[in-house]
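Chemist: Have a look at the structure that comes next, please.
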Amino acid sequence: MAASTGSPVAAHGLLRWFRVPLWVILTATLALTPKLGLSPSASRQLLLIALLSLVVSGLNLSFGFTGELSFAQPAMYAIGAYSTVIVSMHFVNDVLVCMVVAIAAGLLLGLLSGIPGLRLGGWVLAISSLYLVLLVPDVVSATKEYTGGFQGIGGIPLPRMFGHELGTDAFLAVVIVATAAWFALFRNLVVSSFGDSLAVLRESPILASSLGISVYATKLKVYAISGAPAAMAGAFFGYLDGFVAPETFGISLAIVVLAASILGGSRSVYGAFAGAALLQLGPMQSTAFGDYAFIAYGVFLILAGVLLRRGLVGVWDGLLEKRRARSPKAPVHIALTAADAELPPVNGQRLSVAGVSKKFGGVAALTDVTFDVNPGEIVALIGPNGSGKTTLLNIISGYYKLDEGAVHLGDTAISRLSTHRVARAGIARTFQTPSVPALSVRAAVGSSRSRLNRASLIETMLRLPRYRRAVASDRNSVDAVLAAVGLSAAADTPAQSLPLGTRRMLELARSLAGQPGVLLLDEVASGLDDEEIEELSRIVRAVRSQGGAVLLVEHNFPLVRSLADRVVVLSRGEVVVVAAPDEVAQHPEVLEHYLGQPSVAPTSEAGTPS
Amino acid sequence: MITTLLSGLALGAVYTLVAVGYNLTWLTTRTVNFAQGGFMVAGTFLTVWCQHRGYPIALTLLFLAAAGATVAAVEFTFAIRPILNRSDHTELVTTVGVLTVIQGVILLLSKEDVLRVRFFGSSRELLDVLGGKVSPAEIWLIFLAVVISLSTHWWTRHTRLGLAASGLSDDREAAMLLGVNTGRFSYVAFMASGALGFALGPFVGPKTFAVVALAALLSIKGFVVLAVGGVGSNLGALVGGLAVGCIEVFVARNLESTWQNGAVFLVFISVMLLRPQGLFGEQRERVV
Chain A
0 MAASTGSPVA
10 AHGLLRWFRV
20 PLWVILTATL
30 ALTPKLGLSP
40 SASRQLLLIA
50 LLSLVVSGLN
60 LSFGFTGELS
70 FAQPAMYAIG
80 AYSTVIVSMH
90 FVNDVLVCMV
100 VAIAAGLLLG
110 LLSGIPGLRL
120 GGWVLAISSL
130 YLVLLVPDVV
140 SATKEYTGGF
150 QGIGGIPLPR
160 MFGHELGTDA
170 FLAVVIVATA
180 AWFALFRNLV
190 VSSFGDSLAV
200 LRESPILASS
210 LGISVYATKL
220 KVYAISGAPA
230 AMAGAFFGYL
240 DGFVAPETFG
250 ISLAIVVLAA
260 SILGGSRSVY
270 GAFAGAALLQ
280 LGPMQSTAFG
290 DYAFIAYGVF
300 LILAGVLLRR
310 GLVGVWDGLL
320 EKRRARSPKA
330 PVHIALTAAD
340 AELPPVNGQR
350 LSVAGVSKKF
360 GGVAALTDVT
370 FDVNPGEIVA
380 LIGPNGSGKT
390 TLLNIISGYY
400 KLDEGAVHLG
410 DTAISRLSTH
420 RVARAGIART
430 FQTPSVPALS
440 VRAAVGSSRS
450 RLNRASLIET
460 MLRLPRYRRA
470 VASDRNSVDA
480 VLAAVGLSAA
490 ADTPAQSLPL
500 GTRRMLELAR
510 SLAGQPGVLL
520 LDEVASGLDD
530 EEIEELSRIV
540 RAVRSQGGAV
550 LLVEHNFPLV
560 RSLADRVVVL
570 SRGEVVVVAA
580 PDEVAQHPEV
590 LEHYLGQPSV
600 APTSEAGTPS
Chain B
0 MITTLLSGLA
10 LGAVYTLVAV
20 GYNLTWLTTR
30 TVNFAQGGFM
40 VAGTFLTVWC
50 QHRGYPIALT
60 LLFLAAAGAT
70 VAAVEFTFAI
80 RPILNRSDHT
90 ELVTTVGVLT
100 VIQGVILLLS
110 KEDVLRVRFF
120 GSSRELLDVL
130 GGKVSPAEIW
140 LIFLAVVISL
150 STHWWTRHTR
160 LGLAASGLSD
170 DREAAMLLGV
180 NTGRFSYVAF
190 MASGALGFAL
200 GPFVGPKTFA
210 VVALAALLSI
220 KGFVVLAVGG
230 VGSNLGALVG
240 GLAVGCIEVF
250 VARNLESTWQ
260 NGAVFLVFIS
270 VMLLRPQGLF
280 GEQRERVV
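So the protein lines, in turn, are chains A and B.
Residue numbering for the first sequence follows numbering that gives the first Met the number 0, beginning at 0 and increasing consecutively.
Residue numbering for the second sequence follows numbering that gives the first Met the number 0, beginning at 0 and increasing consecutively.
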């Protein structure tokens with residue numbers, strides 16, 4: 000089951016009620032398999048599958064769900080195993096204690112190695128994580144007294160828990176329960192509003208930061224967490240044979256883990272278990288395979304990379320989508336329904352742009368731009384192409400840093416903040432080309448509420464009351480906004496199946512759901528037909544009457560005239576005039592430069608930086 | 000002291016040569032070919048095979064270059080070209096796959112994972128240079144690293160062809176519109192990187208031996224050198240490589256050999272944090 004779309008409430012009806020009992024029964028059955036007559040060698044296989052699936056699930060989390068390929072899993076596995084070696088031999092022999100120490104060590108290693116690696120991402124993360132694996136034998140040999148060095152270390156005591164020695168069967172039960180518990184936490188993490196923000200981040204880091212999601216911090220959190228299951232698996236591995244040597248944790252393990260992840264579907268939760276089982280029971284079993292193992296794994300990686308055209312992680316998603324598309328319930332086209340509800344009140348804030356200047360190289364894109372947008376007001380920003388409209392919007396939302404001047408939202412200076420902090424302060428924006436993640440409409444609209452989300456990751460994973468309350472309040476607000484913009488009927492449709500006009504409405508709804516202080520609309524009407532523009536105007540007016548502050552960048556002058564309270568005219572990066580629309584329409588310089596009334600050569604088409 | 004320095008420079012030269020191979024394919028396809036270390040190791044094993052047959056050095060080099068160009072062309076056709084226009088770093092997975100296949104094939108054919116490689120030419124006796132001891136193979140490595148990296152550096156910046164090649168990495172589509180034959184360039188660059196990697200076998204082998212597990216290590220260290228020196232800069236590859244080699248050797252000599260990889264890792268991470276574009280890399284403006 001792929002767990003990438005939608006919030007938990009949107010998930011499959013019947014399964015929802017039986018999920019927990021089903022999980023308990025399955026876990027209990029697997030844990031008790033030896034009692035049910037499973038042979039010792041088969042139960043050992045089961046145990047090895049569980050360990051490998053834990054390691055693979057960590058890779059799924061970082062590679063599948065955030066799109067960052069890391070090879071560090073063997074290093075995390077190693078740190079877990081050596082935690083058991085050291086804790087059980089020198090301090091206290093208890094499985095649970097070793098597990099906790101290992102998880103803490105895994106999280107720490109993930110955090111430390113993620114900080115530099117994720118700063119640059121891509122190749123740098125991949126190689127630095129591979130390097131980490133390379134360092135395992137060095138670190139082990141440098142700490143010989145505790146870890147036994149290259150030759151490995153034996154004499155690890157039999158596992159105990161609460162003072163009782165665990166037999167093989169009891170140890171298997173512990174491993175199975177811990178594995179099942181991790182998979183439940185993993186699933187809860189990715190099927191949640193946090194999981195939705197990961198989908199937004201995969202779609203576009205630019206979109207994510209405009210919604211108040213810190214790309215770096217989010218990836219770092221996920222990366223650190225991805226070390227935990229591998230370290231936990233390592234802790235169990237340490238006990239398994241009473242012997243640990245560094246050669247277990249080499250680059251070949253990294254390759255196996257990557258292959259298992261792709262095989263089971265990297266962007267899935269339970270696929271990690273499936274991939275691990277397939278590799279454990281298949282190639283890793285046969286000794287005849289040994290000579291060809293490297294070649295087989297290598298060829299598999301090449302084929303997987305080349306053939307899976309939707310990218311490595313999307314293969315199962317693609318299959319699921321096909322099935323969904325075949326089902327008669329799938330709506331083909333969603334027409335906007337007439338809005339059947341009032342927009343909830345908007346708590347607008349004053350946006351003030353004061354003396355803003357920006358140069359690109361030697362070219363002045365903006366010079367001393369000053370104006371305000373007040374709550375309950377629509378201000379339009381117009382000007383020919385290249386006059387600096389989008390540059391200004393990008394400065395306000397934090398993509399560019401200004402050279403001089405200041406931007407304030409209410410009393411907060413936002414001009415030195417990074418994009419996601421600007422969004423968190425209360426600036427919401429739409430894009431010229433709507434940016435829509437692979438989520439349901441409801442979840443996509445709700446993604447702007449991550450800035451208001453009060454539930455921590457632990458609360459999310461454990462589904463604690465605070466998380467449940469946040470989900471409920473998110474759902475109420477999102478549904479209210481959807482109703483007000485006429486998208487209620489489409490709430491459960493995949494957002495990416497929407498046509499352009501509806502996508503713009505979705506972006507508007509997304510901005511409003513985040514309860515912004517100021518709404519920036521970037522050419523929101525372009526490409527829409529008259530009916531859609533009418534609907535859009537109605538909503539923007541409703542935002543104004545509910546107290547919202549709106550800054551509208553628009554080419555369509557009749558629309559500006561019908562909507563705006565004041566118009567700021569930009570030309571070559573300077574403010575020509577700030578006035579009421581009717582006055583602007585009469586302004587000689589505007590007529591000449593922008594509306595092109597007297598016979599003057601057309602304005603140059605210098606590219607707008609965007 | 001001088002002996003250690005020379006040995007560090009020779010080790011660094013190996014990394015530099017891997018990084019130069021990376022740059023060749025990076026400049027034309029924006030792909031870091033992670034199999035580059037595998038090329039070099041395959042070259043060392045094939046060198047042993049040629050020596051068994053008693054081939055002279057010229058024939059050996061020719062044979063290695065041809066084999067390398069073929070392997071790289073096959074790699075490009077099956078593992079790189081189909082994914083060139085993807086933006087999701089799929090080549091990370093496919094080139095790791097190629098590296099793994101190369102290791103597997105070597106293991107299957109040679110049955111040994113470590114072999115000693117004899118140096119061609121006169122003898123194995125050490126030379127005296129500036130009061131230090133150095134083997135002829137090491138001198139050759141340093142010489143080759145300096146000549147190859149500097150000449151390719153000059154070539155990419157000062158010749159029509161070189162500029163066209165580096166134009167590809169900046170903007171493939173624009174280069175195509177300006178009439179650069181991107182397809183052929185990419186092929187030639189991959190074949191050249193393969194030929195270079197394999198043909199270095201007779202020089203690298205005596206220093207490192209022929210070791211299967213070395214493939215991934217060389218690929219990793221080569222990338223570290225590439226990133227530290229600045230992706231796309233062969234001058235950076237030379238400076239970065241020699242520096243990394245010396246750091247390793249001096250740490251191993253003065254502290255302990257188990258810390259040499261750790262020390263390089265530390266340098267790598269520090270450079271990436273302080274100067275993400277590398278020592279000689281160009282700062283790119285953040286694209287929004």
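Note that the Cβ used here is the ideal one computed from N, Cα and C, for glycine as well.
It should be emphasised that the depicted structure is a prediction, and the values quoted were computed from it without experimental measurement.
1. Of the residues M75(A), R15(A) and L188(A), which one's Cα is nearest the Cα of L463(A)?
2. Whole angstroms is fine: what's the gap from H51(B)'s alpha carbon to A74(A)'s?
3. Rank R450(A), Q495(A) and V444(A) by C-alpha distance to the C-alpha of G485(A) and give the top, closest one.
4. Could you give the DSSP three-state label for E506(A): helix, strand or coil?
5. Looking at the secondary structure, which residues open and close the alpha helix (DSSP H) in which H419(A) lies?
6. For A125(A), would you say it is in contact with chain B, using Cβ-to-Cβ distances shorter than 7 Å as the test?
7. Along the stretch 82–105 of chain B, where does the CB come closer than 8 Å to a CB of chain A? Name the residues.
8. Under a CB-based cut-off of 7 Å, is L4(B) close to chain A?
9. Go ahead and pull the three-state DSSP assignment for G523(A).
10. For Y215(A), which residues of its own chain have a beta-carbon under 8 Å away from its beta-carbon, when the five flanking residues on both sides are left out?
11. Give, in chain order, every residue of the stretch 130–145 of chain A whose Cβ lies closer than 7 Å to some Cβ of chain B.
12. Can you confirm whether L68(A), when its beta carbon is compared against all beta carbons of chain B, has any partner nearer than 7 Å?
13. Any beta-carbon of chain B closer than 7 Å to the one on F62(A)?
14. Return the first residue and the last residue of the beta strand (DSSP E) that L569(A) is part of.
15. Have a look at the DSSP bridge pairing and note the partners of A518(A).
16. Which residues, in chain order, does the stretch 27–50 of chain B contribute to contact with chain A at a C-beta distance below 8 Å?
17. G261(B) versus chain A: which residues are under 7 Å apart at the beta carbon?
18. Under the assumption that T65(A) contacts V221(A) (Cβ atoms under 8 Å), give the Cβ distance between them as a whole number of angstroms.
19. Could you tell me whether the stretch 491–510 of chain A touches the stretch 463–473 of chain A, using the rule of 3 or more Cβ pairs below 8 Å?
20. Check G200(B) in the structure and name its three-state DSSP category.
21. Start and end of the alpha helix (DSSP H) containing G109(A)?
22. Return yes when the Cβ of G277(B) is within less than 7 Å of the Cβ of T15(B), no when it is not.
23. Would you decide whether K357(A) is buried or exposed? Buried here means 16 or more other CB atoms lie within 10 Å of its CB.
24. Kindly list the residues whose CB is nearer than 6 Å to the CB of P515(A), restricted to its own chain and excluding five residues on each side of it in sequence; keep chain order.
25. State yes or no: is the beta carbon of I56(B) nearer than 7 Å to at least one beta carbon in chain A?
26. Mind checking whether V268(A) and P436(A) have CB atoms under 7 Å apart?
27. In the DSSP assignment, find the unbroken alpha helix (DSSP H) run with A244(A) in it and report its ends.
28. Please name the residue or residues paired with R159(A) in a DSSP beta bridge.
29. If the cut is a Cβ gap below 9 Å, which residues of chain A does M190(B) touch?
30. Checking contacts by CB at 7 Å: is Y296(A) closer than that to chain B?
31. Taking the alpha carbon of V372(A) as the reference point, which residue from I301(A), L257(A), R565(A) and V255(A) has its own alpha carbon closest?
32. Do R509(A) and S447(A) come within 7 Å of each other at the CB atom, strictly closer than that value?
33. Go to H407(A), then tell me how far its alpha helix (DSSP H) extends in each direction, as first and last residue.
34. Cα-Cα, which of A276(A), T167(A) and A364(A) is closest to G572(A)?
35. By the 10 Å Cβ neighbour count, where 16 or more other Cβ atoms means buried, how is F0(B) classified, buried or exposed?
36. Please decide whether A215(B) counts as near chain A, where near means a Cβ-Cβ distance under 7 Å.
Modeler: Straight from the coordinates:
1. Here residue 463(A) is taken as the residue at index 464 of the first sequence, counted from 1. Nearest option by C-alpha distance: L188(A).
2. Numbered from its first residue, the second sequence carries residue 51(B) at position 52. Numbered from its first residue, the first sequence carries residue 74(A) at position 75. Roughly 40 Å separates the two Cα atoms.
3. Position 486 of the first sequence, counted from the first residue, corresponds to residue 485(A). From the listed residues R450(A), Q495(A) and V444(A), the smallest Cα separation to G485(A) is found for V444(A).
4. As a first step, residue 506(A) must be located in the first sequence, where it is residue number 507. DSSP, read as helix, strand or coil, puts E506(A) in helix.
5. Your numbering for residue 419(A) matches position 420 in the first sequence. It spans T418 to A424 - the alpha helix (DSSP H) in which H419(A) sits, taken as one unbroken run.
6. Counting from 1 along the first sequence, the entry for residue 125(A) is found at position 126. So, interface residue.
7. Answer in chain order: I82, R85, D87, H88, T89, E90, L91, V92, T93, V95, G96, V97, L98, T99, V100, I101, Q102, G103 and V104.
8. Residue 4(B) sits at position 5 when you count from the first residue of the second sequence. Chain A contact via Cβ: absent.
9. Counting from 1 along the first sequence, the entry for residue 523(A) is found at position 524. The question names Gly, yet the displayed sequence has Val at residue 523(A). DSSP places V523(A) outside both helix and strand once states are collapsed to three, so it counts as coil.
10. Taking the first residue of the first sequence as 1, we reach residue 215(A) at position 216. Closer than 8 Å at the Cβ level, and outside the excluded window around Y215(A), lie L117 and R118.
11. Using a CB distance below 7 Å, the part of the stretch 130–145 of chain A facing chain B consists of Y130, L133, L134, D137, S140 and A141, ordered along the chain.
12. One-based indexing of the first sequence puts residue 68(A) at position 69. Chain B, which has a Cβ nearer than 7 Å to the Cβ of L68(A), makes this yes.
13. Numbered from its first residue, the first sequence carries residue 62(A) at position 63. Not one chain B Cβ lies under 7 Å of F62(A).
14. By 1-based counting over the first sequence, the position of residue 569(A) is 570. Residues R565 to S570.
15. On the first sequence, position 519 is the one that residue 518(A) refers to. In the sequence as displayed, the identity of residue 518(A) is Leu instead of Ala. Answer by DSSP bridge pairing, in chain order: A427(A) and V549(A).
16. Those residues of the stretch 27–50 of chain B that come within reach of chain A (Cβ to Cβ, closer than 8 Å) are V31.
17. By 1-based counting over the second sequence, the position of residue 261(B) is 262. Ordered by position in chain A, the residues that pass the 7 Å Cβ test against G261(B) are L134 and D137.
18. The sequence position of residue 65(A) within the first sequence is 66, counting from 1. The sequence position of residue 221(A) within the first sequence is 222, counting from 1. The C-beta separation of T65(A) from V221(A) comes to about 5 Å, placing the pair in contact by the 8 Å criterion.
19. Here the stretch 491–510 of chain A does not lie against the stretch 463–473 of chain A, with fewer than 3 beta-carbon pairs under 8 Å apart.
20. In the second sequence, residue 200(B) corresponds to position 201, counting from 1. Look at G200(B) here: in three-state DSSP terms it is helix.
21. Numbered from 1 along the first sequence, position 110 holds the residue referred to as residue 109(A). The continuous alpha helix (DSSP H) containing G109(A) extends over residues V94 to L119.
22. Sequence index remark: in the second sequence, residue 15(B) carries index 16 (1-based). Sequence index remark: in the second sequence, residue 277(B) carries index 278 (1-based). Against a cut-off of 7 Å, the Cβ pair of G277(B) and T15(B) comes out as no contact.
23. The residue given as residue 357(A) occupies position 358 in the first sequence. Per the 10 Å Cβ criterion, buried.
24. The residue given as residue 515(A) occupies position 516 in the first sequence. Here the set comprises G425 and A427.
25. Counting from one through the second sequence, the residue named residue 56(B) turns up at place 57. Using a Cβ-Cβ cut-off of 7 Å, I56(B) does not count as an interface residue toward chain A, since no Cβ of chain A sits closer than that to its own.
26. As a first step, residue 268(A) must be located in the first sequence, where it is residue number 269. As a first step, residue 436(A) must be located in the first sequence, where it is residue number 437. In this structure, P436(A) does not lie closer than 7 Å to V268(A) by Cβ.
27. Along the first sequence, one-based indexing puts residue 244(A) at 245. That residue, A244(A), is in no alpha helix (DSSP H); it is neither H nor E in DSSP.
28. Taking the first residue of the first sequence as 1, we reach residue 159(A) at position 160. Here R159(A) is bridged, per DSSP, to E164(A).
29. By one-based count along the second sequence, residue 190(B) stands at place 191. The contacting residues do not exist; M190(B) stays about 18 Å from chain A at best.
30. In the first sequence, residue 296(A) corresponds to position 297, counting from 1. Chain B places a beta carbon closer than 7 Å to that of Y296(A), counting this residue as a contact.
31. In the first sequence, counting from the first residue as 1, residue 372(A) sits at position 373. Answer by Cα proximity: R565(A).
32. The residue you call residue 447(A) lines up with position 448 of the first sequence. The residue you call residue 509(A) lines up with position 510 of the first sequence. Contact: yes.
33. Position 408 of the first sequence, counted from the first residue, corresponds to residue 407(A). Careful: H407(A) lies outside any alpha helix (DSSP H), inside the beta strand (DSSP E) at E403 to L408.
34. The count along the first sequence starts at 1 and reaches residue 572(A) at position 573. Here the closest residue by C-alpha is A364(A).
35. As a first step, residue 0(B) must be located in the second sequence, where it is residue number 1. Looking at the sequence provided, one finds Met at residue 0(B) rather than Phe. When all chains shown are included, M0(B) counts as exposed.
36. As a working mapping, residue 215(B) is identified with position 216 in the second sequence. At least one chain A Cβ lies under 7 Å of A215(B).
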